[in-house]
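In what follows, a single structure is set out as structure tokens and then discussed.
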Amino acid sequence: MILIGVGNCIHSFAGIQLRLACDEQMRELRKAYGPDYEQPTAVPMLTEGYNLPAGHVIHIVGPIVSGPLTAGHERALAACYKNVLNLCAENALKTVAFCCISTGVFRFPADRAAEIAVQTVTQWLDGNADAMERVVFCVHGDANRQRYEALLK
Numbered sequence: 077m078i079l080i081g082v083g084n085c086i087h088s089f090a091g092i093q094l095r096l097a098c099d100e101q102m103r104e105l106r107k108a109y110g111p112d113y114e115q116p117t118a119v120p121m122l123t124e125g126y127n128l129p130a131g132h133v134i135h136i137v138g139p140i141v142s143g144p145l146t147a148g149h150e151r152a153l154a155a156c157y158k159n160v161l162n163l164c165a166e167n168a169l170k171t172v173a174f175c176c177i178s179t180g181v182f183r184f185p186a187d188r189a190a191e192i193a194v195q196t197v198t199q200w201l202d203g204n205a206d207a208m209e210r211v212v213f214c215v216h217g218d219a220n221r222q223r224y225e226a227l228l229k
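Under the numbering used here, the first residue of the sequence shown is numbered 77, with each subsequent residue one higher.
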């Protein structure tokens with residue numbers, strides 16, 4: 077079986093330009109912070125969307141759960157959603173679609189991740205009503221769809 081994550085799908089459909097843009101941003105960051113620099117959890121990067129129907133792609137590293145879920149994992153996941161929304165507002169991006177950050181190979185429990193996603197986005201929108209026109213939770217499968225629908229009622 078081959079597992080393909082959302083990030084790989086986005087990069088595949090966006091075209092080589094997206095991989096080159098990410099590589100260029102990482103080269104610049106490594107010049108500034110050293111050759112071993114890795115993008116930290118919850119720090120978003122913005123690129124163009126290239127061959128995608130979206131004008132931009134926001135890249136973010138979510139928390140990796142290797143062992144029991146901790147409050148630190150939960151805070152980091154909430155920071156992912158908040159920081160992406162802040163980046164959208166800073167760049168006058170009025171629409172964003174979120175995947176289920178960290179719930180795949182990063183092993184964040186899907187139920188708790190959905191709760192954090194909906195709560196964080198709802199709170200952010202309450203404080204920034206005019207900043208966004210549309211926020212979409214783009215989920216995979218009926219179980220995730222039902223999970224988010226129940227939370228958004």
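Backbone N, C-alpha and C define an ideal beta-carbon position, used for all residues, glycine too.
What separation, rounded to the nearest whole angstrom, lies between the Cα atoms of residue i and residue j?
i	j	result
Val215	Pro185	14 Å
Leu79	Ala90	Note on Leu79: pLDDT 43, under 50, position unreliable in the model; the coordinate value appears next. Approximately 19 Å between the Cα atoms of the pair.
Phe174	Val212	6 Å
Arg95	Glu104	14 Å
Pro144	Tyr113	27 Å
Asn220	Val172	18 Å
Asp99	Arg210	29 Å
Ala130	Ala168	14 Å
Ala97	Gln195	32 Å
Gly125	Ala154	24 Å
Ala108	Pro116	14 Å
With distance defined between alpha-carbon atoms, name the residue in the options nearest to residue i.
i	options	result
Met102	Phe89, Pro120 and Ile140	Pro120
Ile177	Ala193, Leu169 and Ala168	Ala193
Leu128	Ala154, Gln93, Cys156 and Tyr109	Gln93
Val141	Ile134, Glu150 and His135	Glu150
Lys170	Ile136, Leu201, Gly148 and Lys229	Leu201
Asp206	Thr146, Val82, Arg183 and Glu166	Glu166
Asn204	Asp187, Lys158, Ala152 and Lys229	Lys158
Report buried or exposed for residue i, applying the criterion of at least 16 other Cβ atoms within 10 angstroms of its Cβ.
i	result
Thr198	exposed
Arg223	buried
Pro139	buried
Val133	buried
Ala189	buried
Ala152	buried
Val137	buried
Looking only at DSSP bridge pairs, what is residue i linked to?
i	result
Arg210	Thr171
At least three beta-carbon pairs within less than 8 Å, the region 158-170 to the region 118-136: yes
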